[in-house]
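Asks: Questions regarding the structure given below will be posed in turn.
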Amino acid sequence: MEKRKLILKGIPASTGSVQGRAKIFMPGEDNVAFSEGDILVTSLTDPTMVQAMVKAAAIVTDTGGVTSHPAILSREMGIPCIVNTKEATKIIKNGDLILVDGTTGEIYEVD
Amino acid sequence: MKWIDEFAKGSFGLFAGNTIANFQPIDFYRFFPMWYDIWVGRIAKCIRALDLQNKSFKEIKHLLPTPSNMRAMLIKIIATYPAWREKKVKDTKLVTDFLARMLIECCPKDPFAISTNPFHNEDEVKKIISNISLSQSEIEDARLLGKLNTAAGSLVHGIYNDVVTDFAWDVYGPYVLEKDEEQYTMLIRHFPDLNPKELWPLEFLSRTKELVIYNLYQGVTWEISAVGCHTISKIGNPVEGMKLFAVYGDGKLLSETEIKNLVVELSEKAEKIYKKIRSMNFEELKEKVMLQVCYQLKKLFVEAAVDWKPTGEMIERIKDRPLPKGLLPNDIMMTSVKQYREVFNIQKFEDEVLNSR
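Chains A and B, in that order, are what the protein sequence lines are.
One point on numbering: in the working numbering, the residue at position 85 of the first sequence is 85, and numbering is uninterrupted.
To convert, take the position in the second sequence, counting from 1, and add 1000; that gives the working numbering.
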């Protein structure tokens, strides 16, 4: 049976819940391989990661508020988003299977 | 009520609950004071040359940028004014009073966007609805338009940076309207200039210059505070609530395939231009930002036969110089209009400029 462990909490910015593989993408990084359905985990979104944003199943950021661009755009793309987690890019590792609950702002590690 | 009071309420909404940080590629609140006095003096020269004090918005709207852009100009002028090298009180009063009057005339119901950006009146909205070709929206259509908004917004963020994002990304409405006996709320997302050849080589720019996205919703409540690119849904789900839509690129109705292709093109260009920005050094960035700012009023300057580009004097002010320190605090959360008026120098501006004789 699937096990979940709460690993992080931030500000819920776009509702919905989705499970997927985490992909860390820091501003200024080049050539991050991002697949449809991956979960974008970043300190702050910027236009270098827009191709990842439009493929992402959810977005998680270290900083920002509910009126920040990733929050607004996630709501319009209909994907969960959690902002201001403070340390998502430190705690979550590339390839981790995580569940993002954009309604509660909680992020779970899935076994 | 004086316009500055309404302006304070509207622009506070943009910063409420936020700290002033993360501006890309440079902190323009520290950069503008180095040269803004000269630029604002040149805007005043154009206003006088064209006798704009005596002209209505309707007469000169073709020379002006979007309402959100005019609001953002006011925010930047007012907030940075105390740190300008030369205090051009008369010119600054002329320019800010002019921008405020244009906003009062073009958005009379909510000039400073306390909660809406009503750029069109009822008759204009009716005319738009009768002239556009709307399609029914399924969930996947709404998601696709969300991606289009993300891609176009990101390209704007690259072309114009945080500096003048509002110049090329505005959202008008929300407009409540009736169509076929159903009630809807409409937002018009407007990207007026996605290929400014004066700012970047063609390889970084969209092939489409102007993009307009019409979204009609049911059960979604929207709020626009000060500038359209920060439009937020307060109640309801924008994806489930979108019922009708239309997308026009350079005046042509776009099909689903064309929209999908545009998402790919705009995303690729956004990524490419931002990588270019990240490769630029500090001196290059300062000059680019100055050019982006000046480009906002290119049409007005051209009409007045004044060169719209940065002058030698403006460039000299910034060359080989660091940004001055600490005009606005980067770590204070904006929690009230009163605090915002203090921190953003609104009270000081009212006393020194607007109340000057």
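For every residue, glycine included, the Cβ atom is placed at its ideal position computed from N, Cα and C.
Answer with buried or exposed for B/Gln1296, where buried requires no fewer than 16 other C-beta atoms within 10 angstroms of its C-beta.
Replies: That one is buried.
Asks: Taking A/Gln51 as part of the alpha helix (DSSP H), name the residues at either end of that continuous run.
Replies: A/Gln51 -> alpha helix (DSSP H) spans 50-53.
Asks: What are the residues in the stretch 1148-1159 of chain B lying within 8 Å of chain A by C-beta distance?
Replies: The stretch 1148-1159 of chain B vs chain A, Cβ under 8 Å: Asn1149, Thr1150, Ala1151, Gly1153, Ser1154, Leu1155, His1157, Gly1158.
Asks: Thinking just about the alpha-carbon of each residue, which of B/Val1289, B/Lys1319, B/Trp1200, B/Met1280 is nearest to the one in B/Lys1269?
Replies: When each option's Cα is compared against that of B/Lys1269, the closest is B/Trp1200.
Asks: Taking A/Gly20 as the reference, give the member of A/Gly102, A/Gly105, A/Gly95 with the closest Cα.
Replies: With distances taken between Cα atoms, A/Gly20 lies closest to A/Gly95.
Asks: Given a cut-off of 8 Å on the beta-carbon distance, is the pair B/Gly1249 and B/Leu1211 in contact?
Replies: It is a contact, given that the beta carbons lie within the stated cut-off.
Asks: Just to confirm, is the Cβ distance from B/Ile1354 to B/Val1343 under 8 Å?
Replies: In the sequence as presented, Ile is not what sits at residue 1354 of chain B; that position holds Leu. Not in contact: B/Leu1354 and B/Val1343 (Cβ atoms no closer than 8 Å).
Asks: Consider the Cβ of B/Gly1146: report whether some Cβ of chain A lies at a distance smaller than 8 Å.
Replies: Closer than 8 Å: yes.
Asks: Grab me the residues of B/Ser1356's own chain with a C-beta within less than 6 Å of its C-beta, minus the 5 sequence neighbours each way, in chain order.
Replies: Val1089.
Asks: Name the chain B residues that come within less than 8 Å of A/Glu26, Cβ to Cβ?
Replies: The sequence shown places Met at residue 26 of chain A, not Glu. By Cβ distance, chain B contributes nothing, its closest Cβ being about 12 Å from A/Met26, past 8 Å.
Asks: Look at the alpha carbon of A/Asp62 and the alpha carbon of B/Glu1182, and state the distance between them as a whole number of angstroms.
Replies: Roughly 42 Å separates the two Cα atoms.
Asks: Report yes or no: is there a C-beta of chain B within less than 8 Å of the C-beta of A/Gln19?
Replies: A/Gln19 does not count as touching chain B.
Asks: Using a Cβ cut-off of 8 Å, pull out every chain A residue sitting near B/Pro1238, in sequence order please.
Replies: Going along chain A in sequence order, the residues near B/Pro1238 (Cβ under 8 Å) are Arg75, Glu76, Gly78.
Asks: Spell out whether any CB of chain A is found under 8 Å from the CB atom of B/Ser1267.
Replies: Cβ-Cβ to chain A under 8 Å: yes for B/Ser1267.
Asks: Does the beta carbon of A/Val50 sit closer than 8 Å to a beta carbon anywhere in chain B?
Replies: Judged by the 8 Å Cβ criterion, A/Val50 is in contact with chain B.
Asks: Quick one, which of A/Ala56, A/Thr48, A/Ile39 has its alpha-carbon nearest B/Ile1273's?
Replies: Comparing Cα-Cα distances from B/Ile1273 to each of A/Ala56, A/Thr48, A/Ile39, the minimum goes to A/Thr48.
Asks: Any chance you could list the beta strand (DSSP E) runs of at least 3 consecutive residues sitting entirely within the stretch 1089-1136 of chain B, in chain order?
Replies: Counting only runs of 3 or more, we get nothing.
Asks: Output yes or no for whether 8 Å exceeds the beta carbon distance between B/Leu1266 and B/Leu1155.
Replies: Cβ atoms of B/Leu1266 and B/Leu1155: closer than 8 Å.
Asks: Give the residues of chain A in contact with B/Arg1278, contact being defined as C-beta atoms less than 8 Å apart.
Replies: Under the 8 Å cutoff, chain A gives Gly28, Thr48.
Asks: What residues match up with B/Arg1189 in a beta bridge as DSSP calls it?
Replies: B/Val1171, B/Ile1213.
Asks: Compare the C-beta of B/Ala1270 against all C-beta atoms of chain A and say whether one is closer than 8 Å.
Replies: Chain A, which has a Cβ nearer than 8 Å to the Cβ of B/Ala1270, makes this yes.
Asks: With the cut-off set at 8 Å, would you say B/Leu1064 and B/Leu1300 are in Cβ contact?
Replies: Yes, the pair counts as a contact, with Cβ atoms nearer than the cut-off.
Asks: Using 8 Å as the cut-off, can you tell me whether the stretch 1144-1152 of chain B makes contact with the stretch 50-57 of chain A, which would need three or more C-beta pairs spanning the two stretches below that distance?
Replies: Segments in contact, yes.
Asks: Is B/Ser1359 close to chain A? Criterion is C-beta to C-beta, closer than 8 Å.
Replies: Since the first residue of chain B shown is 1001 and the last is 1357, residue 1359 of chain B is not available in this structure.
Asks: In terms of alpha-carbon separation, which member of B/Ile1213, B/Ser1068, B/Asp1123, B/Lys1209 lies closest to B/His1409?
Replies: What is shown of chain B runs 1001 to 1357, which leaves residue 1409 of chain B out entirely.
Asks: Would you please state the rounded distance, in angstroms, between the beta carbons of B/Arg1071 and B/Phe1112? I believe it to be under 8 Å.
Replies: Confirmed, about 6 Å.
Asks: Any residues in the stretch 89-105 of chain A with a beta carbon nearer than 8 Å to a beta carbon of chain B? Which ones, in chain order?
Replies: The residues in question: there are none.
Asks: Please decide whether B/Val1263 counts as near chain A, where near means a Cβ-Cβ distance under 8 Å.
Replies: By this cut-off, B/Val1263 is an interface position.
Asks: Tell me which same chain residues have a C-beta within less than 8 Å of the C-beta of B/Thr1311, skipping the five on either side of it?
Replies: Closer than 8 Å at Cβ, skipping near neighbours: Ile1038, Arg1042.
Asks: By Cβ distance, which residues of its chain are closer than 7 Å to B/Leu1094, with the 5 residues on each side in sequence left out?
Replies: So the qualifying residues of the chain are Ala1044, Ile1047.
Asks: Looking at B/Val1227 and B/Phe1012, is the spacing between their C-beta atoms short of 8 Å?
Replies: In this structure, B/Val1227 does not lie closer than 8 Å to B/Phe1012 by Cβ.
Asks: Who pairs with B/Pro1249 in a beta bridge, going by DSSP?
Replies: Note that residue 1249 of chain B is Gly in the sequence shown, not Pro. The partner list for B/Gly1249 (beta bridge, DSSP) reads B/Leu1211, B/Lys1252.
Asks: Compute the Euclidean distance between the alpha carbons of B/Asp1162 and B/Ser1255, then round it to the nearest angstrom.
Replies: If I take the Cα positions, the gap works out to 31 Å.
Asks: Quick test of your reading: A/Thr103 and A/Gly16, contact by CB under 8 Å. State the CB separation rounded to the nearest angstrom.
Replies: Sure, about 7 Å apart at Cβ, within 8 Å.
Asks: Look at the alpha carbon of B/Val1040 and the alpha carbon of B/Glu1124, and state the distance between them as a whole number of angstroms.
Replies: Those two C-alpha atoms are separated by around 33 Å.
Asks: Since B/Ser1233 is in the beta strand (DSSP E), which residue starts that stretch and which ends it?
Replies: 1232-1235 is the extent of the beta strand (DSSP E) around B/Ser1233.
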